[in-house]
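Student: Residue numbers (the working numbering): -7 to 125. One structure, as structure tokens, below. Some questions next.
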């Protein structure tokens, strides 16, 4: 773990801060068990960059459901569930790869790619479901 000099967050990175993209190469290592997030402007910019697509899909689905006013159906519940999963995955995107890394430990960055893929795929499927309700 290293502490970023710009955003003051303790992150699990060696070369570059994932929040503000400042170089961490020459920063000393910090003894910490987990990342420490500080809610400053750098974090909110990072948060907007990582969660814009699921929230955009949420707005599209809300507008679509508000205009069509469908009956409650399994497809509508599935759409809401997929949107919820996509939003939760996008919010906790920095922590989820460590949870599934035991399964993909020898595959490099596959856990990060898979989590990112879930975020976009579930939101896109929820928008597709909104056109069939």
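Cβ coordinates follow ideal geometry from the N, Cα and C atoms, glycine included. Predicted model, so just to flag it, every value in this text is computed and none were measured.
1) Thinking C-alpha only, which one of 119, 123 and 124 is nearest residue 45?
2) Give me whichever residues DSSP pairs with residue 28 in a beta bridge.
3) Go through the segment 40 to 120 residue by residue and report every complete run of the alpha helix (DSSP H) that reaches 4 residues or more, in order.
4) Are the Cβ atoms of residue 31 and residue 71 separated by less than 8 Å?
5) Which partner residues does residue 19 have in the DSSP bridge list?
Tutor: So, to answer that:
1) Reading the chain shown from its first residue, position 53 is the one you call residue 45. It is 119 whose Cα lies nearest to the Cα of residue 45.
2) To locate residue 28, count along the chain shown from 1; it is residue 36. According to DSSP, which records beta bridges pairwise, residue 28 is partnered with 2.
3) 66 to 83 and 88 to 92
4) One-based indexing of the chain shown puts residue 31 at position 39. One-based indexing of the chain shown puts residue 71 at position 79. Using a Cβ distance threshold of 8 Å, residue 31 and residue 71 do not count as a contacting pair.
5) Reading the chain shown from its first residue, position 27 is the one you call residue 19. None, per the DSSP bridge assignment.
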